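Step one of this worksheet: look at the structure below.
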Amino acid sequence: MKAKIVSLPGDGIGPEVVLEAERILATVAVKFGHEFEMQRFPMGGCAIDEFGTALPDHTLAACKESNAVLLGAVGGPKWDDPKAKTRPEVGLLKIRKELQLFANLRPIKTYAALLESSPLKAEIVDGVDILFFRELTGGIYFGESGRRPHPSGEEAFNVMQYSTEEVARIVRLSADAARNRRKKLTMVDKANVLEASRLWRQVSAEIISKEYPDLEYNVVLVDAMAMHLLSRPRDFDVVVTENMFGDILTDEGSMLTGSLGMLPSASIGSAGPGLYEPIHGSAPDIAGKGIANPLATILAAAMLLRHSLSLEAEAACIETAVDKVLANGFRTKDIARGGPALSTSEMGNKVLETLLAL
Ligand code: NAD
Numbered sequence: 114m115k116a117k118i119v120s121l122p123g124d125g126i127g128p129e130v131v132l133e134a135e136r137i138l139a140t141v142a143v144k145f146g147h148e149f150e151m152q153r154f155p156m157g158g159c160a161i162d163e164f165g166t167a168l169p170d171h172t173l174a175a176c177k178e179s180n181a182v183l184l185g186a187v188g189g190p191k192w193d194d195p196k197a198k199t200r201p202e203v204g205l206l207k208i209r210k211e212l213q214l215f216a217n218l219r220p221i222k223t224y225a226a227l228l229e230s231s232p233l234k235a236e237i238v239d240g241v242d243i244l245f246f247r248e249l250t251g252g253i254y255f256g257e258s259g260r261r262p263h264p265s266g267e268e269a270f271n272v273m274q275y276s277t278e279e280v281a282r283i284v285r286l287s288a289d290a291a292r293n294r295r296k297k298l299t300m301v302d303k304a305n306v307l308e309a310s311r312l313w314r315q316v317s318a319e320i321i322s323k324e325y326p327d328l329e330y331n332v333v334l335v336d337a338m339a340m341h342l343l344s345r346p347r348d349f350d351v352v353v354t355e356n357m358f359g360d361i362l363t364d365e366g367s368m369l370t371g372s373l374g375m376l377p378s379a380s381i382g383s384a385g386p387g388l389y390e391p392i393h394g395s396a397p398d399i400a401g402k403g404i405a406n407p408l409a410t411i412l413a414a415a416m417l418l419r420h421s422l423s424l425e426a427e428a429a430c431i432e433t434a435v436d437k438v439l440a441n442g443f444r445t446k447d448i449a450r451g452g453p454a455l456s457t458s459e460m461g462n463k464v465l466e467t468l469l470a471l
């Protein structure tokens, strides 16, 4: 296969962790006989410094022409001035909008070797493997909003709004993913209170009964889901939900693993390139020290192969290599619990060596 992959290393530890993921992708290409054309472009604070904008036109054009985009992280204290004309995060919002990335995928997987890092008991989190689908471009974050006069002063409002089409496209994506996993799909809503949730429930039920009768499908109210995630997270396989519920539940879910440096995420649309990134930020406190954990970005590269290039075996190979490296006791500082720790590039090397030996 020939594919164009654009990297946006960004700021802080972004370039350090992206470099390791690029090395892994180059190795996968050689091992499996693919041709990946990889090119870097500026985005975030570094792009503001050089071009006065967080997402320069030539970066956006390259992303649109690519098959997939790998992002490090953007932002840092240098660009935090609230009076600044623009901010690094503006680039993030713009690229998601321009590439029409309506689904955010967040795998929440615990590693046997890292169970002690979780704030929850090992017997609860052992074996957790959930894939969240959060709707990313609709709902209350994008509905009508404003303030108006009120006898007590003012009132403020935000409208939660969804169309059949917006619900249907992400439900189908999540159901397709469930089919390739343990065939269980959970839809989370608040249908006892919200009309928008009642539309989600109706559209989702119709699609699943007609097109995915092979799936085990259930619906859970969002407040109950917040509890189930802490009490019985192993019971869930694929979870689909609207924007704000997904925002909150995926952050809660990521705490199950206890290690920010391990979690990737993907944002995808119906066509065109997807965007793959670690969930952590630019970690300015450790930038330039060579100690950042590159595994979240390496796992994001695995998601890129699976979801944008349909290279399942290659993606699984990277994930197996990461599993093995951890099982063999190798750690970066953030997950070493005071024990011996590898540098960013040493961890990258361990994954590379393991991948080549598989
Ligand atoms: P952060 O995720 O950057 O860091 C939180 C803590 O986790 C820090 O102590 C950091 O050292 C540690 N950490 C994060 N990733 C790590 C890794 N790979 N290896 C080892 N340790 C790691 O969050 P923050 O400090 O709140 O934000 C820093 C900057 O990043 C801010 O400017 C913020 O706006 C930005 N940010 C960007 C994104 C993005 O680009 N998608 C996401 C979140 C935050």
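In our numbering, the protein residues as written are 114 to 471.
For each residue, glycine too, the CB sits at the ideal point set by N, CA and C.
Bear in mind that the values here come from a model prediction, so they are computed numbers and not experimental data.
I'd like the list of long-range same chain contacts for residue i, defined as Cβ closer than 7 Å, with 5 residues on each side in sequence excluded.
i: Ser179; result: Lys117, Ile118, Val119 and Pro386
i: Glu135; result: Ser120 and Met151
i: Arg295; result: Asp350
i: Arg153; result: Ser120 and Pro122
i: Phe270; result: Ser258 and Gly259
Keeping to the same chain, check which residues put their C-beta closer than 6 Å to that of residue i; ignore five residues upstream and five downstream.
i: Ala454; result: Arg444, Thr445 and Lys446
i: Met416; result: Pro377, Ala379 and Tyr389
Give the secondary structure of residue i by DSSP, where H, G and I count as helix, E and B as strand, and everything else as coil.
i: Lys222; result: strand
i: Ser378; result: strand
i: Thr166; result: coil
i: Val438; result: helix
i: Val130; result: helix
i: Glu472; result: The shown model of the chain, from 114 to 471, leaves out residue 472, and the question about it has no answer.
i: Glu365; result: helix
i: Glu268; result: strand
i: Gln152; result: strand
i: Phe255; result: coil
i: His420; result: helix
Tell me whether residue i, by its Cβ, gets closer than 8 Å to a heavy atom of the ligand NAD.
i: Ser458; result: no
i: Ser395; result: yes
i: Thr445; result: yes
i: Ala409; result: yes
i: Gly188; result: yes
i: Val353; result: no
i: Asn406; result: yes
i: Glu102; result: Outside the modelled stretch of the chain, which goes from 114 to 471, sits residue 102, for which no answer is possible.
Using CA atoms only, rank isn't needed, just tell me which of the options is closest to residue i.
i: Glu425; options: Val141, Asn305 and Gly266; result: Val141
i: Lys210; options: Asp194, Ile221, Leu227 and Phe255; result: Phe255
i: Glu459; options: Glu427, Leu168, Leu408 and Thr223; result: Leu408
i: Leu388; options: Ile253, Glu324 and Pro122; result: Pro122
i: Ile381; options: Leu418, Asp348 and His263; result: Leu418
i: Pro411; options: Leu422, Glu279 and Leu465; result: For the record, residue 411 in the displayed sequence is Ile; it is not Pro. Selected option, being the one with the closest Cα: Leu465.
i: Met114; options: Glu133, Val130, Ser230 and Ala139; result: Ala139
Using a C-beta cutoff of 9 Å, does residue i count as contacting chain B?
i: Met300; result: Annotation note: the requested chain B is absent from the structure, which comprises a single protein chain.
Next on the checklist: Assess contact between the region 326 to 341 and the region 366 to 375, defined as three or more Cβ pairs (one per stretch) separated by less than 8 Å. Is contact present?
Outcome noted: no
Checklist entry - Counting Cβ pairs, one atom from each stretch, are 3 or more of them under 8 Å apart for the region 181 to 191 and the region 389 to 409? => result yes
Checklist entry - Would you call the region 317 to 324 and the region 274 to 294 touching, i.e. three or more CB-CB distances under 8 Å? => result Between the region 317 to 324 and the region 274 to 294, the count of Cβ pairs shorter than 8 Å is three or higher; the stretches touch.
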